[in-house]
Structure formats: structure tokens, C-alpha cells
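The next block holds one structure in the form of C-alpha cells; read it before the comments.
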Amino acid sequence: SALRRTRSGVFRVDEAVPLERLREGTVPLRPPLDALRGMPVEPLTDEAIARVVRGIDLPASVAGDVGALVSAATGALVAVAERRGDRWQPRVVMHEA
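Each residue of the sequence shown is one higher than the one before, starting from 15 at the first, in this note's numbering.
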């Protein structure tokens, strides 16, 4: 008969916002880190962020094969990184240099 998707990853339809409200700008967007629930989070200093935006790897201090690198000061998502041994290699950088 018919199928209806009620969730996609961590997002559920009952949390959805009508498109018109998004267009009007009356609803704040959820932070990108919400899409990465369950992913290990590695807080970064400003110095480490400067390295990540240039694609330079960093020591990893949290467990996991893939990690969310965030600003320790603001909690903002800076990058998603892949573990290479005991280091994080940035793969997708969301922070401007």
C-alpha cells in the first residue's frame, strides 16, 4: 500500500518544522553537531582549530574511528575527522580559516 518515512538517522518527523517557517526565518536551525549524535567529540583549542582548517592532523584523545572536532570555546562543529593511528585526520572542515 503506502510507506511513510518517520525518521532519517537521528532526525524524526515529529521534530520537523514546516518549510514555510524555515523560509520565513522564524525557526532557528539546529546545530550541525545534532546530526552527529553518538559520534565521539574532540574539543579543540584555537591553535588546534588553526591546524585543522589547513588539513593538518592532530593527536586524538577520545576513542572512535570517526570524530567530531569542536571548538572548546564555543562548542561549534569545526570538522569531522578520521582516525589514523593515534591522530585525527580532518576529512570535512566546516570552519572558515
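Every residue gets a Cβ at the ideal spot worked out from N, C-alpha and C, and that includes glycine.
Computed from a predicted model, the values in this text were never measured in an experiment.
- In this structure alanine 49 is in contact with glycine 23, their Cβ atoms being roughly 7 Å apart against a cut-off of 8 Å.
- Unbroken beta strand (DSSP E) stretches of 3 residues or longer found wholly inside the segment 23–94: 55–58, 80–85, given in chain order.
- Collapsing the DSSP output to three states places arginine 19 in coil.
- Taking a C-beta distance under 7 Å as the contact criterion, alanine 93 and valine 107 qualify as a contact pair.
- The C-beta of isoleucine 63 has 16 or more other C-beta atoms within 10 Å across all chains shown, which makes the residue buried.
- Counting C-beta atoms within 10 angstroms of its own C-beta, proline 42 has fewer than 16 neighbours from the protein chains shown and is therefore classed as exposed.
- Ranking Gln103, Arg21, Val67, Ala30 by CA distance to the CA of aspartate 79 puts Gln103 first.
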